[in-house]
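In UniProt numbering, the protein residues as written are 1 to 1007. Each residue gets a CB set at the ideal place from its N, CA and C atoms; glycine is no exception. First the structure, in the form of structure tokens, and then the observations on it.
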């Protein structure tokens, strides 16, 4: 139905709504701007916060002499002793470093002295060849004072014991030991000349160097040599009458000059080395001064630490006792708080229970109202339903009077409702009795009212108990709160006592004078004038704290500059905005005048456009209201037409649904027939294949089986003989087993009332004459039976008895499963359960139940059905693996997921697979295919020994006799090796691919 709005009306309505919305948005925007407008009389909230923070923390330096100083908890005796030990170590290291440097310098001095002595000897030798005027001497060197510089030599023993001195000669100290000692042997050493000395001696004599009194100047020597003949002339090598040769003079001068140069070099070297040593000695003196005042300062500091240590040692016992008291008070408070929290949690739980009970009561009331509302006996039923439940009161002397009064009260509650209960034929008021169902009222409705009332009463009873529990726990919480307040006060008092004691101890520590070394740049805020303040009253700050304060000052300066810059920008912006505002006001005035002139031209007067539009819209609305009857008639016609179409569609839907349901029923029946025929044909094919395949000849097993059959037949004959004897003598029923004890006597099961009789084919004695299934199925069934018996009888029987009984039950259940092939009924299941109970000793029956036996037989049928189905080993292993993964997702606290997966996988495999198939390479390959692609598997997390130990333990607990450690270890080791190799190859390939991806990118970057 399309409303009859014209385009003009729609356009006018749209424009009116847009203008109205625009006005609302403008008002909202203006109000928001007014709210955001800052108050010039108030600071910015962020500035207020920073100012408050500064006022709170400015000057609060937590001085140790302050009355509100809280000592640190680590200022203990142990901490102070460690500090003292560190100070001693620092003192020792300072002195030890200086002593090492001093020993090195003394060693250098010894080597320098040896070098000077060698140089002096060489100079003495050179002085023998040089003229007296050309000789140079070393600077005077003090001798080494061995007593002063090597005091440790005084500890050396100079006299050896047993030197031939009689004790009586030195007993009275009349003679000295040195006087009594024999004179030492004088060893004369002949001075041996070296080759160099011999050569120099020969040159001195051969060149007549002794004739030179003093070497002339170099210029004179050169001029004299120039006067000699040349080296190529024979006169240079010839002697004159006086025996003089020019070459001798040249060689003599050259030799003497070399000796003089060597002498000058020795003197210069000694002088330089002595000067360097003196410089190092001066540096050592400065180092000695530094080490001296550092060691003295450390010594004074250690004295201070010893004083503090003594104070802490004296106060340690008291502090420990106060700490113990505070800890005990805190523990008591925490325990009380834990009890209160427990009570509060219980109250919350009770409240949740009460909410659930209220919901259940409301559900019962809604059920009553939905069932009985509108009924002609509604008031009577409501009176029955709403009768209150009251708890029984304790008996008193006036029981009868109280009962009558309570009954009168309960009966008077619903008198108004009773007045409304009327019969359908009589208009007079009738009082109906609740104990009898009135005529005309259905018995089921009458009983339902009582049933719902009893349900409501039961819920109200539980609700009342819940409310009592809540009130009781609230009272307990109130009482505990009082105790909690007391323990809080005790804890605060103990804590305050400890704090007061620590402050007193800190005051005692503050009385100790501490020596501090300060430089002038560390002293600040000097007082102007000639007088000086006492430096001991100054405050010593941490350097890091002062640096942070100075950095904060610089930050405040930067913030001030930034604020001033922003202020200048805001002033400029404000001036521009004022200019814009004045311009906009002028424009608004001009536009208002233009609008008024246009209105006068258009309408002849000034009008309100909003009122004009509203009036036009009101006229349109009036027109619509006058024509509303036509619109309603059209709407009714459209609704009737839609209802007819809906009825036709509903009939068509019902018809199609019925037709489709019939087809689905036929299809379901056909599918069931198809599945039944398919299973029947498949079972026939499997049986035919099983019959066509001959069994493997295993003579040992046949011999063992025949021996067992012989024993069982012999036992059966014995049982029959005893049964004949028993029947002849009319005594107790026959006992099945020859290992019968007094507690194992089993009574025969009496027949049921319905006369159910088990067929002879299901009797426990008939399993020897039946056809047995193959060995694989028998082993699986035996594992299942042993597993259940181990769970039931593990605490009450030995493993041998469990295996023996499980073997008998296995043969019986295997033959039964082979006979019925999974198609059983409740009657057959009852007979099999009775047979199993008759086969077991009586002492084990108390640990078994019929439901457990039925569950065990159904698992046996499932194992047998598995052999008849087409599920192969691949599907079995895959199913086991995915079941393990599903179980892993449910476990949230598993850390080693790889080990968890392998352990659960091996548990299922050793139960479901035979030993030959468990050891096969195919099983390893299938497991490798599943584990290799799983991201959860990490071979580094596999512990083969742990797997073997736990699997052997699991097999022993579940009586899996064929499982040993060797096959488990072989399979686990193979999986570990193959997974390690596979993961390593995967990592190598991934790294290679990453490298190959990076190389083109690097080449692109290069180009």
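Hey, would you say residue i sits closer than 8 Å to residue j, going by beta carbons?
i           : j           : result
residue 381 : residue 449 : yes
residue 914 : residue 979 : no
residue 123 : residue 256 : no
residue 87  : residue 302 : yes
residue 322 : residue 498 : yes
residue 599 : residue 588 : no
residue 120 : residue 102 : no
residue 282 : residue 126 : no
residue 903 : residue 947 : yes
residue 898 : residue 942 : yes
residue 512 : residue 304 : yes
residue 495 : residue 326 : yes
residue 311 : residue 501 : no
residue 617 : residue 21  : no
residue 356 : residue 476 : no
residue 965 : residue 944 : no
residue 214 : residue 133 : yes
What residue range does the alpha helix (DSSP H) around residue i cover?
i            : result
residue 543  : 543-603
residue 487  : 443-510
residue 879  : 873-890
residue 358  : 246-372
residue 945  : 944-957
residue 1013 : Nothing in the structure corresponds to residue 1013, since the chain is present only between 1 and 1007.
residue 899  : 897-912
residue 86   : 77-129
residue 1009 : An answer regarding residue 1009 cannot be provided, because it is not within the stretch 1 to 1007 covered by the chain.
residue 223  : 218-226
residue 16   : 7-36
residue 196  : 195-206
residue 378  : 378-385
residue 916  : 915-919
residue 147  : 146-149
Quick one: residues in its chain with C-beta nearer than 7 Å to the C-beta of residue i, no 5 flanking neighbours on either side, listed in chain order?
i           : result
residue 764 : Note that residue 764 scores 44 on pLDDT, short of 50, meaning its location in the model is unreliable; the coordinates nonetheless yield the value given after this. These residues qualify, in order along the chain: 812, 835, 838, 839.
residue 517 : 297
residue 783 : 911, 960
residue 225 : 250
residue 805 : 789, 840
residue 73  : none
residue 977 : none
residue 506 : 64, 69, 71
residue 562 : none
Would you grab the beta carbon distance between residue i and residue j for me? Rounded to a whole angstrom, and I think it's under 8 Å.
i            : j           : result
residue 309  : residue 50  : About 44 Å; that fails the 8 Å criterion.
residue 919  : residue 887 : Not a contact, Cβ separation roughly 25 Å.
residue 1038 : residue 340 : The requested residue 1038 does not occur in the structure, where the chain is confined to residues 1 to 1007.
residue 781  : residue 860 : 5 Å
residue 491  : residue 336 : Actually they do not touch by this definition, with Cβ atoms about 10 Å apart.
Going by beta carbon distance, what residues of the same chain come within less than 6 Å of residue i, once the five residues before and after it are set aside?
i           : result
residue 422 : With a pLDDT of only 39 at residue 422, under the threshold of 50, the placement of this residue in the model should not be trusted; the figure read from the coordinates follows. Nothing listed; no residue qualifies.
residue 366 : none
residue 221 : 253
residue 285 : none
residue 300 : 515
residue 732 : In this prediction, residue 732 has a pLDDT of 42, which is less than 50 and means its spatial position is unreliable; what the coordinates show is noted afterwards. If we look at residue 732 and ignore the five residues flanking it on each side, it has no Cβ neighbours.
Near residue i, what residues of its chain come up, given a Cβ to Cβ distance below 8 Å and the 5 sequence neighbours on each side ignored?
i           : result
residue 113 : 141, 144
residue 206 : none
residue 10  : none
residue 84  : 302, 305, 306, 309
Determine whether the Cβ of residue i lies closer than 8 Å to any Cβ atom of chain D.
i           : result
residue 581 : Looking for chain D here will not work: only one protein chain is present.
Check: Just checking, does the segment 225-238 make contact with the segment 100-113 on the three C-beta pairs under 8 Å criterion?
Finding: No, the segment 225-238 is not in contact with the segment 100-113.
Margin query: Counting beta carbon pairs with one atom in the segment 915-929 and one in the segment 950-961, are three or more of them shorter than 8 Å?
Written below: no
Check: Can at least three beta-carbon pairs, one atom from the segment 473-491 and one from the segment 369-388, be found at a separation below 8 Å?
Finding: no
Next item on the list: Decide if the segment 456-474 is in contact with the segment 27-35; the criterion is three or more beta carbon pairs, one per stretch, under 8 Å apart.
Entry: no
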